[in-house]
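According to the working numbering, numbering within the sequence shown proceeds without interruption in unit steps and concludes at 591.
Notes to accompany the following structure.
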Amino acid sequence: MTRYILTRLALMVPTLLGVLVATFVLIQFVPGGPVEQAIAELRLRMESSGHGGDLDAVQIEAIKKQYGFDKPPLERFWLTVSSFARFDFGTSFQSNKDVWTLIKSKLPVSISLGLWSFLAAYLLAIPLGVAKAVREGSRFDALSSLAVLLGFALPGFVLGVVLIVLFSGGSFLEWFPLRGLTSDNWEELSWPARIVDYFWHLALPLTCLTIGSFATLTMLTKNTFIEEIRKQYVLVARAKGLTERTVLYKHVFRNALLPIVTGLPAALVAAFFGGALLIETLFSLDGLGLLSYESIIRRDYPVVLASVYLLALIGLAIKLLADLLYVLVDPRVQFGQAAQ
């Protein structure tokens, strides 16, 4: 197992390098980069002040040097790789702030949305999926499937608009706040009150983010359990006189978790980074989704590269964690060892 983990960690290096190469090369061909934007802004200022709009070679070279584009592409790429290996992501072109400091300031929002929506989806969907599998074909199964599929068909941002109108000071009730993770007087509150205030602000965004993944996971759990329940070992366990609860949770549950654990990396990465942009914008939450989108629009390349790099690194780490969880769920799986 140790050898397998070390091998996987070593393989992360070329994967991350490939991600940086692809992103860096793509950036070179995107029109309207920071140099072009700076030149256009300077020309506009010169024209408005009556000094004409022509820039000499010295001014253009100074702008290129300011953004690091005075060096050849290969040299710039090597500087990027060497600095990223030290987690030095440089300075943002737009805000002139350290990129890592800028990303860290957005992490509380993204972690809050991603972690709690992920946990909510799994904690609600798995029990519901098990209940649907046990009661397959019943009225409960039919009605819950209808509700789950309706929720899946409704996009998160559309649900967000509905919830804001209904419960956040729209045309009806004003039960939940519209923006931010905490209230203005959060520092003055006691710790129990802070926790309540925190989840009070998260209630509507989490509902919007959870609904889609919740539906998919519920149906996956149900179908997996149904498939396991019909297998021979379940009939043998029942024939031995084991209770239905023991059969379900001691034998079926562990085997049925395997496909769910396999999909853990994609679900967790999607919870942290997928679909958060519209929700963050809708509820005025300043997180990584909004930062990444604005950085792409403004051609803030240090922030774009750092965001892609961190996303790839987190995805690889979560994939490794999922493989280790797979072994815990099914001890028969032995990575890095020949089959006996």
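The beta carbon of each residue, even a glycine, is placed where N, CA and C say it ideally should be.
Fair warning: this is a prediction, and the values are worked out from it, not measured in the lab.
Query - Exposure of residue 572, with buried meaning 16 or more beta-carbon neighbours within 10 Å - result: exposed
Query raised in the report: To the nearest angstrom, how far is it from the Cα of residue 591 to the Cα of residue 491?
Result: Residue confidence for residue 591 is low, a pLDDT of 40 falling below 50, so the modelled location carries little weight and cannot support an answer.
Query raised in the report: Taking three-plus beta-carbon pairs below 8 Å as touching, is the segment 419-435 in contact with the segment 539-548?
Result: Contact between the segment 419-435 and the segment 539-548 is absent: fewer than 3 CB-CB pairs across the two stretches fall below 8 Å.
Query raised in the report: Since residue 342 sits in a beta bridge, which residues does DSSP pair it with?
Result: 349
Query raised in the report: Excluding the five sequence neighbours on either side, which residues of its own chain have a C-beta within less than 8 Å of the C-beta of residue 458, listed in chain order?
Result: 410 and 414
Requested in this report: Report the residue from 255, 262, 254 and 327 whose alpha carbon sits nearest the alpha carbon of residue 567.
Outcome: That would be 262, whose Cα lies nearest to the Cα of residue 567.
Query raised in the report: Run through DSSP, which three-state label would residue 396 get?
Result: In the three-state reduction of the DSSP assignment, residue 396 falls in the helix class.
Query raised in the report: What is the residue span of the alpha helix (DSSP H) that residue 285 lies within?
Result: 285-299
Report task. Whole angstroms is fine: what's the gap from residue 316's alpha carbon to residue 286's? Result -> 9 Å
Report task. Go ahead and pull the three-state DSSP assignment for residue 419. Result -> Correct three-state label for residue 419: strand.
Report task. Express the C-alpha separation of residue 477 and residue 271 in angstroms, rounding to a whole number. Result -> 43 Å
Query raised in the report: Whose C-beta lies closer than 8 Å to the C-beta of residue 355 among residues of the same chain, with five residues either side of it excluded?
Result: none
Query - Pairwise C-alpha distance: residue 387 and residue 474 - result: 10 Å
Query - C-alpha distance - residue 369 paired with residue 292, whole-angstrom precision - result: 43 Å
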